[in-house]
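Novice: Each residue of the sequence shown is one higher than the one before, counting from 747 in the numbering used here.
Where is the CB? At the ideal position from N, CA and C, for every residue including glycine.
Model, not experiment: these values are computed from the prediction.
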Amino acid sequence: MYSEKVMDHFQNPRNVGEIENASGVGTVGNAKCGDIMRIFLDIDENQIIQDVKFKTFGCGAAVATSSMATELVKGKSVQEAMQVTNKAVMEALDGLPPVKVHCSLLAEEAIHAALWDYAQKNGIVIEGLSQPKSDIHDGEEEEEY
Ligand code: FES
747 MYSEKVMDHF
757 QNPRNVGEIE
767 NASGVGTVGN
777 AKCGDIMRIF
787 LDIDENQIIQ
797 DVKFKTFGCG
807 AAVATSSMAT
817 ELVKGKSVQE
827 AMQVTNKAVM
837 EALDGLPPVK
847 VHCSLLAEEA
857 IHAALWDYAQ
867 KNGIVIEGLS
877 QPKSDIHDGE
887 EEEEY
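#1: Is it buried or exposed for Gly804, if we count other Cβ within 10 angstroms and need 16 for buried?
#2: Spatial neighbours of Thr831 within its chain, please: CB distance less than 8 Å, with the 5 preceding and 5 following residues excluded, ordered by chain position.
#3: Under three-state DSSP, which class holds Phe803?
#4: Express the C-alpha separation of Arg784 and Thr802 in angstroms, rounding to a whole number.
#5: Closer than 6 Å to a non-hydrogen atom of the ligand FES - does that hold for the CB of Gly804?
#6: What residue ranges within the stretch 778-840 form continuous beta strand (DSSP E) runs of no fewer than 3 residues, ordered along the chain?
#7: Identify whether Val847 lies in helix, strand or coil by the three-state DSSP scheme.
#8: Buried or exposed: where does Ser876 fall if 16 or more other Cβ atoms within 10 Å of its Cβ makes it buried?
#9: Measure how close the beta-carbons of Leu852 and Ala810 come, nearest whole angstrom, since I'm counting them as under 8 Å.
#10: From Ile765 to Ala859, what distance separates their C-alpha atoms?
#11: Per DSSP, which one or two residues make a beta bridge with Val762?
#12: Measuring straight from C-alpha to C-alpha, what distance separates Ala774 and Ala856?
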């Protein structure tokens, strides 16, 4: 049911951990299952993401998508990181079973929340980025799938 890439990133997740004094930290919850994701970004003065780490209480699909998402944003500019959508992450993983698609939203939302935190702290505007709904969702989320 899971692709080889999903199994690989689940069994050997990349970039698990925390970053002390991170440039931006985002924490989000999944409205469907209540699982939680936190992303830490280390961003340099040129707005390049030098390092990224994640921690999650999510399921295997959340672990795999976060692992892949962190790999995809590392080394990118904050603007480029906006292109790393849950769709892009799922494609990079060769797909996810439909019932697990909501899990992949955690990584995208946590990255956006961390970028928002960074933008707020530094007084910059990242095009296309809006304020996260709330740190932990209250269950009101548009159904996209
Ligand atoms: Fe909660 Fe996958 S079931 S993140």
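Specialist: Let me lay it out:
#1: buried
#2: Glu854
#3: coil
#4: 6 Å
#5: yes
#6: 782-789, 795-802
#7: helix
#8: exposed
#9: Not a contact, Cβ separation roughly 11 Å.
#10: 15 Å
#11: Phe800
#12: Sequence check: residue 774 is Val here, not Ala. Val774 and Ala856: Cα-Cα distance of roughly 6 Å.
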